[in-house]
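Q:
Residue numbers (this note's numbering), protein chains in the order written: chain H, 1 to 703; chain U, 1001 to 1703.
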């Protein structure tokens, strides 16, 4: 959608699928540009501009300014670079810039100049049952850029340009047939088939106004294409921007990018992207239309588009010994396949490429599962059988952790950041498997994981209580991996209301969902005894949550322990899984768990109040006792509220959507789409993939 | 030598040979540590310390402090980190630190703790005639570190440690038999066979005083080994610090590090280094003794040691299609085999591994030579036959330039930085070849390069004047590659006195040396006509320089053009080549060029005066008209002055050596050994390899 003039300055990822690379661009006066495997915007710049009749260059403000310069610029003063009294270049003023931000395109316009970044995405073909050409098309690590200049009102030839710097690297210039090509370190580069001059120099200005006669000055950090628009005409150039990492991409476990199967080097990538540009552009426009046509507000569409841009930037489609390995990196933290993110990105991946869900679940089983024992925190000296669970993540910064270990979890911590998330990741595996299996009907996967599902049930129940007679359906026993400490949840930076795992109603609602999923899956497998056991735990769990309801306050306290007064939104999270599994009865207020559903509806209605779980700006506050709210979880819970709990309040919802857009555009201007906000300002989980829970909104029925 | 207490704070490279990697360490309160292929100190730190009886950690100050902290620290205040009122760590005060800085070792001591970095170097075996085991030993990309702790006065066990951070990377911990091993990105790491605990954590303090129970916290940026010293004893641990880059190391031209032939990965490197530690340490100590025993002052020894440390850090021993390719990177600029550096590092390489000189000369002939035409700058429209020359460099930042192109040189510039150095690089090739051939007697190389030598003579003469009747032995014609501009010399950042190539007496003295070398080489080849031609040009050149002598001022002006009043030291540079070729008569005041020698002696005596070419501190100032002096050239010219021109003045020489040591220690404290200084402060060419011209001093005869 076309953004308001005051909202055009913010960074967004522009990324191919599965290449863990991005052309990050959009914030005025900030560094950005191309980078590979980086947890934040690149250190370079993007130079798009034109030359006026006096030879002055006018550029979009897409490179770093000093903070003083930036302040002057943003406040509307023109920033001029006067060399010996003669003005040579000028930034196009913020107020003149239009931005049309869509699901797969991002277009800036001003002063007759248009700069469009095209990042097509579409279902990634399952390597098990797709052709080489489909895979090649999908994994090609490139995006397209179109720069157009309207010279219709001018009687002279005018130059316009597109350039990049990638921080402290140098460039090489290739002449390859009709194509012009500029690359840096054989890893990143750009190419065009249009008629241009390729330049490399210290700055784009020194390239266009050079005092020497060598277009490609190999010490220069800026490279670009310069085109000319004839008088009385409009001219555009199409550029492929590509990435390529050869050989091993990861440590600890040697893998390479999947695209190595289909492309031999960066020039190959760039050539292919240009050759297939029409198909790519068609895909991008199809996505744009899809979002356009969704019956959602512009603010909602913005959040879907923005989160999708960031998601793809974190994705890494690898090949490990001939087999695919799907990894989503954790934004700025760069942890790999963090499971408590996987479970939230599940819905996006189920919509586009369910095989990546299966792939990650299998990776967890094969490489990152473990067995522990459990203990009662009141008597930590005595241990009981625990069972199967999964690690928090698979490594960090392309360094795979040793088997059965995450990079994150530490022993010996009692409900503090970096402790174990054993119970939560166990529930996550079951919930992901449940949704995957219910939606795909993949019987083969179901049969293969039968034993795992059995082990999950046993493990979940032991974490409730190893003694079946004392079970309540809720986690109360801690993993021996904590060595006498206590587990946490994904909300590691939040207070006890969401941070502590045991007796937590957020985790309880997920465990309930896991039991419900197991009930369903054992039913499919015809394992009646297990099914009964799972259902019994689900019922126990539901009852415990319902029993926790404090009728006086009208809420369920966050932790079902004496003295806890926090009220939290994520008590409802678990509802999404049976809903996405198509178990409509399970989430019906008139179904078998009707009392749970009705209680949660009452709870949510009461916490969604200003001063409790609403910020003054209308944004959602996950916990009444913590100023730390997570956009991915907000989007998820909004969907549950609207779709499952039928809690709608059009003016209130519109106000909160508007607030969340402001959080991203103003509160995370530099870091593209971010997750954790304190009073509307991103404080962590920046440049993050998880916010694609927004894609659930695409399923919302009107009314 | 043992440095004065006030002189212990400065960075030095600690590098294996040919791996373009360094453990840069030594400046108090500054970042540093391990990095590969980087033109400046790393962004990490080095953590060496011990724990006192109260559990407080005391560390050498080898990681970055904020500028405020650093100021307090350097001024002598103790820097304490108080966690909740309890002191947990303290930096060992600057004033307590001793530093023993030698040719191949660098040792810090304080408070019973000793930290020694051992960087053995020795002749690199010629791949053409050496065994695999010799090559393996020489190319192993590792250095050794020894940390000792004196616990003899204590009755309790005490811990001490060695740790590294490498900026924003994470670590992996390997258990491999007896060895403990910590690596980052499979590229850099450390290992020890001694009994230690391997730790990874956010800081070394959090690793030793951890509040959790996981020694290797995989999100940590700091990794290290923790050892224990029993009561009443002294304990030391030996650590190998290694580097490994797999696969292609360069772009434009695909090459890999030579060590890939002999090592399969980083663990292999680390194991080998530890296994062969005794041999490596013996080599290091042999070098230390050699320098110790040289009849030189401590200041001179310091400069030799410091420049050698920086040289190896810039070296890159590559394999290109099975053949060796020797590259020295240009310090902070990272240009590859910059020829005007090669010719200065010649003397160091001739001492240790002459084959690298041959290798670089052959690379220039095969890949980086070109033919041009020349023109008279008074009539730039008309061109004449020019001839063969060589590029300024072979690329930058591991990006090889296209054939016959440097990364540096630009067309269309008239005697400005980045113009061509055609004549100088031509003279450089001849001078290098002359020294190489005279010292090795490599007849095979001589025969193979016969045609090149002929082409060099013709080209040199055409740059004097294409019309033989108008020759003066001095370059007056410009290369057509400048496209009507004008050539420069290596002194690109200096004023016209050294920057302009034509009629420059610095370049003239090098051209003279080139003609003298050709005279000698054609003699060896029995090519009498060519020999006569070369000698004739040498004589013409010598006469022109002598004729340029301004008897009134007692100096030869820098540029033999009207109106030039600069006086420069490098007029004498050319003398080094015949001297190193063993042509003692040529450089004798009573020899065939006696008049030139005597005139240069007079010139130098007159410019080496305060206010002319001496700074107030006694340091040498290359040009009377520019405050920009280059340590590599100073060292070279000092050697020529003392050894060839017999200009000695013990107090003055001692004062200048002391000044140059201060320039490096105080004026380039962060950037290790640097080349360009303005009034004693490094302003460019930092972290630089070229200063090894100091090695010539090792040849000085006493008296």
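Beta carbons: idealized from backbone N, C-alpha and C, even for Gly. Since the model is a prediction, treat every value here as computed from it, not as a measurement.
For residue 252/H, which residues in chain U fall below 7 angstroms Cβ to Cβ?
A: 1172
Q: Closer than 9 angstroms between beta carbons: that is the criterion. Which residues of the region 183-203 of chain H meet it against chain U?
A: 183, 184, 185, 186 and 187
Q: Taking C-beta to C-beta, are residue 335/H and residue 393/H nearer than 9 angstroms?
A: yes
Q: Which residues in chain H sit within 9 angstroms of residue 1590/U, going by Cβ to Cβ distance?
A: In chain order: nothing, as chain H lies at least about 47 angstroms away.
Q: Does residue 313/H come out as helix, strand or coil in the three-state DSSP assignment?
A: helix
Q: Measuring only between beta-carbons, confirm whether residue 242/H sits less than 9 angstroms from chain U.
A: no
Q: Name the two residues that bound the continuous beta strand (DSSP E) containing residue 1385/U.
A: 1379-1390
Q: With 16 as the cutoff for other CB atoms within 10 Å, does residue 186/H come out buried or exposed?
A: buried
Q: Roughly how many angstroms lie between the CA atoms of residue 1648/U and residue 1641/U, to the nearest whole one?
A: Going by the C-alpha atoms only, they are around 7 angstroms apart.
Q: Along the chain, which unbroken stretches of the beta strand (DSSP E) at least 3 residues long are found entirely within the region 130-163 of chain H?
A: Segments of the beta strand (DSSP E) lying fully in the region 130-163 of chain H: 142-150.
Q: Thinking just about the alpha-carbon of each residue, which of 1688/U, 1483/U and 1517/U is nearest to the one in residue 1315/U?
A: 1688/U
Q: Quick one: measure Cβ to Cβ for residue 1676/U and residue 1628/U, integer angstroms, because I've assumed they're closer than 8 angstroms.
A: Contact holds; Cβ gap of about 6 angstroms.
Q: Is there a Cβ of chain H sitting closer than 9 angstroms to that of residue 1321/U, yes or no?
A: no
Q: Taking only the alpha-carbon atoms, compute the straight-line gap between residue 1346/U and residue 1445/U and give it to the nearest angstrom.
A: In a straight line, the C-alpha of residue 1346/U is about 17 angstroms away from that of residue 1445/U.
Q: Out of 605/H, 323/H, 169/H and 692/H, which has the shortest C-alpha to C-alpha gap to residue 200/H?
A: 169/H
Q: Which of helix, strand or coil does DSSP assign to residue 1609/U?
A: coil
Q: Determine, using beta carbons only, whether residue 1101/U comes closer than 9 angstroms to chain H.
A: no
Q: Residue 1483/U by DSSP, collapsed to three states: which one?
A: coil
Q: Output needed in chain order: residues of the region 514-545 of chain H with a Cβ under 9 angstroms from some Cβ in chain U.
A: So nothing in the stretch comes that close.
Q: Please name the residue or residues paired with residue 1375/U in a DSSP beta bridge.
A: 1383/U and 1478/U
Q: Counting along the chain, where does the beta strand (DSSP E) carrying residue 117/H start and finish?
A: 113-118
Q: When Cβ atoms are compared, which residues of the region 638-653 of chain H fall closer than 9 angstroms to chain U?
A: none
Q: Could you give the C-beta distance for residue 237/H and residue 192/H, rounded to a whole number, given that I count them as a contact under 8 angstroms?
A: 6 angstroms
Q: Please list, in chain order, the chain H residues whose beta carbon lies closer than 9 angstroms to that of residue 1248/U.
A: 186, 246 and 247
Q: Are residue 1374/U and residue 1479/U closer than 9 angstroms when you measure CB to CB?
A: yes
Q: Which residues bound the alpha helix (DSSP H) around residue 1453/U?
A: 1450-1464
Q: Tell me whether the beta-carbon of residue 653/H lies closer than 9 angstroms to the beta-carbon of residue 638/H.
A: In contact: residue 653/H and residue 638/H (Cβ atoms closer than 9 angstroms).
Q: Spatial neighbours of residue 401/H within its chain, please: C-beta separation below 8 angstroms, excluding the five flanking residues on both sides.
A: Excluding sequence neighbours, residue 401/H sits near 252, 368, 391, 393, 394, 395 and 407.
Q: Just verifying my parser: in three-state terms, what is the DSSP assignment at residue 83/H?
A: Only weak support is given to the placement of residue 83/H: the predicted model assigns it a pLDDT of 44, under 50, and the question is left unresolved by the model.
Q: In terms of residues, what are the limits of the beta strand (DSSP E) holding residue 676/H?
A: Counting along the chain, residue 676/H sits inside the beta strand (DSSP E) bounded by residues 676-678.
Q: Quick test of the definition: if touching needs 3 or more C-beta pairs under 8 angstroms, does the region 1212-1232 of chain U touch the region 1171-1189 of chain U?
A: yes
Q: How far does the beta strand (DSSP E) with residue 1663/U in it reach, from first residue to last?
A: Counting along the chain, residue 1663/U falls outside any beta strand (DSSP E), though it belongs to the alpha helix (DSSP H) covering 1650-1665.
Q: Should the region 325-340 of chain H be called in touch with the region 148-161 of chain H, which here means at least 3 C-beta pairs below 8 angstroms?
A: Output reads no: the region 148-161 of chain H does not touch the region 325-340 of chain H.
Q: Is it buried or exposed for residue 6/H, if we count other Cβ within 10 angstroms and need 16 for buried?
A: exposed
Q: By how many angstroms is the C-alpha of residue 405/H removed from the C-alpha of residue 130/H?
A: Straight-line measurement puts the Cα of residue 405/H at about 33 angstroms from the Cα of residue 130/H.
Q: DSSP puts residue 108/H in a beta bridge; with which residues?
A: Paired residue(s): 99/H and 115/H.
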